[in-house]
Amino acid sequence: MVVITYLDRQKSYFLMWLSSVSVGVFFWSLELLAASVSFSKFIYGLTLYIALSSFLFVIIVFESHYRNQVIENKRFAMFDEMTAKKNYRSFVKEFGQSLQLAGEQQKPIAFIMLDIDHFKLINDTYGHLSGNQVLKFVAVDLINNTYDFDSQADVYRLGGEEFGIFLTNTNLAETQKFAQKCRYSLSQLAVPIDNGMLHLTASFGCDISRTGDDFNTFYQRVDQYLYQAKNNGGNKVNNF
415 MVVITYLDRQ KSYFLMWLSS VSVGVFFWSL ELLAASVSFS KFIYGLTLYI
465 ALSSFLFVII VFESHYRNQV IENKRFAMFD EMTAKKNYRS FVKEFGQSLQ
515 LAGEQQKPIA FIMLDIDHFK LINDTYGHLS GNQVLKFVAV DLINNTYDFD
565 SQADVYRLGG EEFGIFLTNT NLAETQKFAQ KCRYSLSQLA VPIDNGMLHL
615 TASFGCDISR TGDDFNTFYQ RVDQYLYQAK NNGGNKVNNF
């Protein structure tokens, strides 16, 4: 079992088959020899065992590979490959569920949206690989700050250079304070690129849900706050 487990981790299916069948053949042979069967029956039984065990092994490997592929496909469907954070599809599903629950419990939730300032200029000046590096570092910095504030919350890449965070069991003042902390943290970030270190800023929009809010009204309101922050020079948190 130790050998098979090791080989499974190495994904060497042939060696897995060879080791498992070899062990089985050994004990099967002992049983047949102990029963004092004829040589022809011994060969027949041994051949039948190898054939059946090989067939079952192929089915097990296929099922395992199929299950892993399904898990991988689900991951690709729900996570952004570049930043390893949840994507817009995950956000729509989970934010919608939380907003509905908040309405039923009459407890507001907070939504924070941010956009990296002058991201197109970063791509045009330093190249898209540097832009990708910026996205990864921003995602890590955001999740670190978010986890410190609420270990149950998550960070979502909404598309391009936009990220979103929603929080439960909080109020507007705490949400603004958290957004300011994230803004300041990003402004202190130094992203290593080929030409040295790159510094950046981000603009934020935030608010808490209101009575009658649905996904679209809440999202559009915070999105409008975000672009007001950007139009006012960037590197700001706006909630009005």
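Take 415 as the starting number for the sequence shown in my numbering and just add one per residue.
Quick reminder that beta carbons are idealized off the backbone N, C-alpha and C, glycines included.
Cutting at 6 angstroms between CB atoms, please list the residues of its own chain near residue i, excluding the five before and the five after it.
{"i": "Arg-358", "result": "Within the shown structure, residues of the chain are numbered from 415 to 654, placing residue 358 beyond reach of any answer."}
{"i": "Asp-494", "result": "Asn-501, Arg-571"}
{"i": "Thr-582", "result": "Ile-523"}
{"i": "Tyr-633", "result": "none"}
Which of the three DSSP states, helix, strand or coil, is assigned to residue i?
{"i": "Phe-577", "result": "strand"}
{"i": "Ile-485", "result": "With a pLDDT of 47 at Ile-485, under the threshold of 50, the modelled position of that residue is not reliable, and the figure given next carries that caveat. Helix, per DSSP."}
{"i": "Met-611", "result": "strand"}
{"i": "Leu-572", "result": "strand"}
{"i": "Ala-567", "result": "coil"}
{"i": "Ala-465", "result": "helix"}
{"i": "Phe-654", "result": "coil"}
On the DSSP letters alone, give me the boundaries of the beta strand (DSSP E) that residue i sits inside.
{"i": "Ile-618", "result": "This sequence places Phe at residue 618; Ile is not what is there. Phe-618 -> beta strand (DSSP E) spans 616-622."}
{"i": "Leu-528", "result": "524-530"}
{"i": "Leu-647", "result": "According to the sequence displayed, residue 647 carries Gly and not Leu. Run containing Gly-647: none; DSSP gives neither H nor E here."}
Could you give the residue range of the alpha helix (DSSP H) that holds residue i?
{"i": "Asp-562", "result": "542-563"}
{"i": "Ala-380", "result": "Residue coverage of the chain in this structure runs from 415 to 654, which leaves residue 380 outside it and unanswerable."}
{"i": "Glu-588", "result": "586-601"}
Using C-beta distances below 7 angstroms, list every residue in its chain close to residue i, excluding the 5 sequence neighbours before and after it, in chain order.
{"i": "Thr-589", "result": "Ala-524, Ile-526, Leu-581, Cys-620, Ile-622"}
{"i": "Phe-505", "result": "Tyr-570, Leu-572, Gly-578"}
{"i": "Asp-391", "result": "Residue 391 cannot be examined here, being either before or after the span of the chain that is shown, 415 to 654."}
{"i": "Ala-604", "result": "Met-611, His-613"}
{"i": "Asp-555", "result": "Ser-599, Leu-600, Leu-603"}
{"i": "Gly-510", "result": "Phe-629"}
For residue i and residue j, which I take to be in contact (beta-carbon distance under 8 angstroms), what is that distance rounded to the nearest angstrom?
{"i": "Gly-648", "j": "Asp-531", "result": "4 angstroms"}
{"i": "Val-651", "j": "Gln-594", "result": "5 angstroms"}
{"i": "Ile-607", "j": "Ser-512", "result": "With 8 angstroms as the limit, Ile-607 and Ser-512 do not qualify as a contact, their Cβ atoms being about 36 angstroms apart."}
{"i": "Ala-587", "j": "Thr-497", "result": "Wrong, their Cβ atoms sit about 29 angstroms apart, outside the cutoff."}
{"i": "Ile-557", "j": "Lys-521", "result": "Ile-557 to Lys-521, Cβ: 24 angstroms. No contact."}
Please return the same chain residues whose Cβ sits closer than 8 angstroms to the Cβ of residue i, not counting the five positions on each side in sequence.
{"i": "Asn-646", "result": "Asn-652"}
{"i": "Asn-559", "result": "Phe-592, Lys-595, Cys-596, Ser-599"}
{"i": "Tyr-561", "result": "Ala-567"}
{"i": "Met-682", "result": "Nothing about residue 682 can be read from this structure; the chain reaches only from 415 to 654."}
_Inter-stretch contact at 8 angstroms, needing at least 3 Cβ pairs: the stretch 546-560 / the stretch 521-537_ = Remark: three or more beta-carbon pairs, one from each stretch, lie closer than 8 angstroms, so the stretch 546-560 and the stretch 521-537 are flagged as touching.
*Taking contact to mean at least 3 C-beta pairs separated by less than 8 angstroms, is the stretch 634-645 in contact with the stretch 607-620?*
Output reads yes: the stretch 607-620 touches the stretch 634-645.
_Segment contact flag, the stretch 501-520 with the stretch 623-635, C-beta cutoff 8 angstroms, min 3 pairs_ = The answer is yes - the stretch 623-635 touches the stretch 501-520, with three or more Cβ pairs under 8 angstroms.
*Is it true that the stretch 573-583 meets the stretch 606-615, where meeting means three or more beta-carbon pairs spaced less than 8 angstroms apart?*
Touching, no.
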